[in-house]
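For the sequence shown, counting from 1, position 84 maps to 141 in the numbering used here; every step adds exactly one. Just so you know, even glycine gets a beta-carbon here, dropped at the ideal spot from N, CA and C.
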Amino acid sequence: MRRSVRVLCLGLLGLIALLAGCGGTHKAIGVFAVEEGMTKQQVQKLAGPPYRAGPNCSLYHASKKGTSIDGMRFCFMRGRVSLIQTSVHL
């Protein structure tokens with residue numbers, strides 16, 4: 058009886074950890090998948106069109122659960138991402 062309760066508890070803890078995202082790999086999507094060195098075309102393929110773009114930087118709306126992030130800025134040098142910044146609301 059004691060052993061089965063222990064096994065049940067361990068199983069429940071494993072399930073909770075899995076549901077909470079512990080121990081797994083997370084693949085970034087959308088604007089959060091953009092990396093330095095990507096081309097403008099690669100960025101737009103991942104993140105879609107920016108809501109505002111200038112000659113060197115593009116602005117995107119972004120949000121991530123559990124954070125204050127509300128936007129991202131990607132700046133380009135020679136056609137590739139050279140700077141990634143996040144904006145947060147206070």
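Problem set entry | Cβ neighbours of S115 in the same chain (closer than 6 Å, five flanking residues each side left out) | Locating residue 115 in the sequence shown gives position 58, counting from the first residue. Excluding sequence neighbours, S115 sits near P107, F131.
For this session: Using three-state DSSP, classify L147 as helix, strand or coil.
Result: Here residue 147 refers to the residue found at position 90 when the sequence shown is read from its first residue. Note: L147 maps to coil in three-state DSSP.
Problem set entry | DSSP-derived helix/strand/coil call for A104 | Your numbering for residue 104 matches position 47 in the sequence shown. Reduced to three states, the DSSP call for A104 is helix.
For this session: Compute the distance between the beta-carbons of G123 and A104, then report whether it is under 7 Å.
Result: As a working note, residue 123 is residue 66 in the sequence shown. As a working note, residue 104 is residue 47 in the sequence shown. No, Cβ-Cβ distance for G123 and A104 is not below 7 Å.
For this session: Could you pull the start and end residues of the beta strand (DSSP E) that R130 belongs to?
Result: Sequence index remark: in the sequence shown, residue 130 carries index 73 (1-based). Run containing R130: 126–134, per the beta strand (DSSP E) assignment.
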